[in-house]
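What follows is a short report on a single structure.
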Amino acid sequence: MSVKQPSTVRRVLALAKHRKGTVLFLFALIVVSQGANIAVPFISRSLIDSLTNFLKSGGPLPINVLLYSALGILVATVVSSSVQSAYNYHLFKFVTKVEDRIRNAAFEKYLKLHALFHHGSSSGQIIGRIERGGTAVWVILNDIMGQNLLPPLVVFVGTFGALLYENAWIALAVLVPFPVYFFITRSLSKKIYEIEQRANDAFENVSRELYDVAGNVLTVKKFSQEKEETEHERLLLIEAREIQYSAERLWGVVENVQTTIATVGRVAVLLLSAWFVFNGTATIGEFVLFITLQNMAYQPLAQLSIIFPRLRRNATRVERLFAVLDEPVMVNDKPDAIDLPSLKTQIEFKNVSFAYRNDKQWALKDINLVIPAGKTVALVGRSGSGKTTFINLLLRSFDPQKGTISIDGVDIRDVTQESLRRQIAVVPQEVDLFSRTVAENIAYGQPSVSKTQIENAAKTALAHDFILELEKGYETLVGERGIKLSGGERQRVGIARAVLRDPRILILDEATSHLDTESERLISKATDALVKDRTSIIIAHRLSTILRADAIVVFKDNQIEAIGKHKELLKKSPTYKRLHDLQFSDEG
């Protein structure tokens, strides 16, 4: 058999390495089951030859042979069926466990991948790869070890060995068609592989569009685009199917070739066996034995027309799953990484420069900044000036190409990521909520907190009252991405989450830039309680929200233009003064 990417199938089979005992047990079961099957034609030969001799020569009826043969066939059939059932059950358990293991590994890897990977990929496409790839792993293992490959191959080896022992010419006639079939299939495999790759790309595009539309379903309804989006999805699916159909047509050719070759082989064995009978070198029982064993031997050839296209199609899907697993993790803990001690003195950026593509197109350049513990620092600047990149570097979403970021003198690359982020809480502009209860969202990442602690955090965030008004209070499901809550309510749930986390470092990322006046007032009041006695970093476009900061850092062209208080920045920072004049003139 020729599969274009044997490494992919080998990698799938390698997933079973940790369960070698189970594999050997399954192999033993299938050998016993198929061995019992192969025994039936030999019992039948003895019975047929005994009956033939009785009809030709007369004498007593061979009752004993008849009874023993019937009993032997019954026992062999029962043993084969029982062992086959046990094999099927244990095989199902085995392949599902392998599937679950690879799905979990791929999902874990997806969560660990760096922020740049997530920014540049479609979550729907990646999840689709994991789902289809996991199913494809199951299909490949089940096809290889189930009814379509391993059992038929065991039968072929057994029957071919038996035929070789009984009659070498018959064995040779059975063997000859297989190389011809392999050669023809191989000649078509490259073309089919390329088509399957295109088909998988097309179906991934269908999934990506489905996730995209589903995630923006309210926008679709607002613009009355239901019919248009449905038609667009239908056309994408038609395009994907047309590609898939072209591969199926080629597999139809392979199947016809297989049928023709198998038929020629069967006719050859039939004629050769009949010739041996006519010459007196074989009995009627042996004739039946040869035909039966030949049919059993050709079972794998019939199965190949099923398994080849399925292996090909599913191997391309598994390749995409392995692509996720093979994606390098850009930010790793050092082998000797330590837990970060609690922040006591300062956070320091020293000569920090960072480029997203390692091409010296700096997103941040020569950043030098010290943030004393317990102080509030505001970051301002035009969009794209480097504020969010600054925060992501502190969170160690990625590492700078130059310079160091330290907390109390400890380089954050020398500590575990978990211990670093344990000290940080982020309240973003758009708070991300799971489709879980309010309580579960507030307590996210802290499964052991009590209901009282959750409620106290919500009270600090001024969220307790509106939560009690919800249908089930704290047990209310908030819907996908918190769709059942307003923007201000989601924001206060996010603040409650941060309060419960009790971080040493608090990051407010443009937390009030999109709210109405009343919501902003409530958020500001909750924020004041949250930042008290914490090291806080605030990103805001509205300068009115950060006038009381201990220091304001002005970013321009991915560098720090100035650091200072509000009044002195109006004098020494052209960027700050321009932002101030624009905002306060608009408000006036």
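Everything in the sequence shown is counted per this note's numbering, starting at 3 for the first residue and increasing by one. For each residue, glycine too, the CB sits at the ideal point set by N, CA and C.
{"Item": "Under the three-state DSSP convention, the category residue 348 falls into", "Value": "strand"}
{"Item": "Residue closest to residue 37, alpha-carbon to alpha-carbon, out of 106, 157, 407 and 144", "Value": "157"}
{"Item": "Extent of the continuous beta strand (DSSP E) run through residue 557", "Value": "553-558"}
{"Item": "Element boundaries [alpha helix (DSSP H), containing residue 231]", "Value": "228-280"}
{"Item": "CB contact flag (residue 497, residue 532, <9 Å)", "Value": "yes"}
{"Item": "Distance, residue 139 Cα to residue 26 Cα", "Value": "20 Å"}
{"Item": "Contact check, residue 186 vs residue 266, beta carbons under 9 Å", "Value": "no"}
{"Item": "When 247, 374 and 179 are compared against residue 202, the one with the closest alpha-carbon", "Value": "247"}
{"Item": "Nearest-angstrom Cβ-Cβ length linking residue 400 and residue 333, presumed shorter than 8 Å", "Value": "6 Å"}
{"Item": "Below-9 Å beta-carbon distance, residue 219 vs any chain C residue", "Value": "The chain inventory of the structure shown lacks chain C, comprising one protein chain alone."}
{"Item": "Alpha carbon of residue 572 to alpha carbon of residue 578, nearest angstrom", "Value": "6 Å"}
{"Item": "Short Cβ contact (9 Å threshold) for residue 379 with residue 554", "Value": "yes"}
{"Item": "Test item: CB-CB of residue 299 and residue 161 under 9 Å", "Value": "yes"}
{"Item": "First through last residue of the beta strand (DSSP E) which encompasses residue 374", "Value": "364-374"}
{"Item": "Three-state class that DSSP yields for residue 581 in the structure shown", "Value": "helix"}
{"Item": "contact_flag[the stretch 474-481, the stretch 435-442] where n(CB pairs < 8 Å) is 3 or more", "Value": "yes"}
{"Item": "Residue nearest to residue 95 in terms of C-alpha spacing, selected from 482, 24, 404 and 529", "Value": "24"}
{"Item": "CA nearest to the CA of residue 35, picked from 89, 101 and 459", "Value": "89"}
{"Item": "Helix, strand or coil at residue 2 according to DSSP, with G and I counted as helix", "Value": "Coverage of the chain is limited to positions 3 through 590, which leaves residue 2 absent and any answer about it impossible."}
{"Item": "Residue 460 burial status per 10 Å Cβ neighbour count (16 or more: buried)", "Value": "buried"}
{"Item": "Cα-Cα separation, residue 273 to residue 250", "Value": "35 Å"}
{"Item": "Exposed unless 16 or more other CB atoms sit within 10 angstroms - verdict on residue 145", "Value": "buried"}
{"Item": "Contact set for residue 427: own chain, Cβ-Cβ below 6 Å, skip 5 residues either direction", "Value": "500, 503, 505 and 508"}
{"Item": "Backbone CA spacing between residue 79 and residue 41 [nearest angstrom]", "Value": "9 Å"}
{"Item": "Beta-carbon separation (whole angstroms), residue 381 vs residue 541, contact threshold 8 Å", "Value": "5 Å"}
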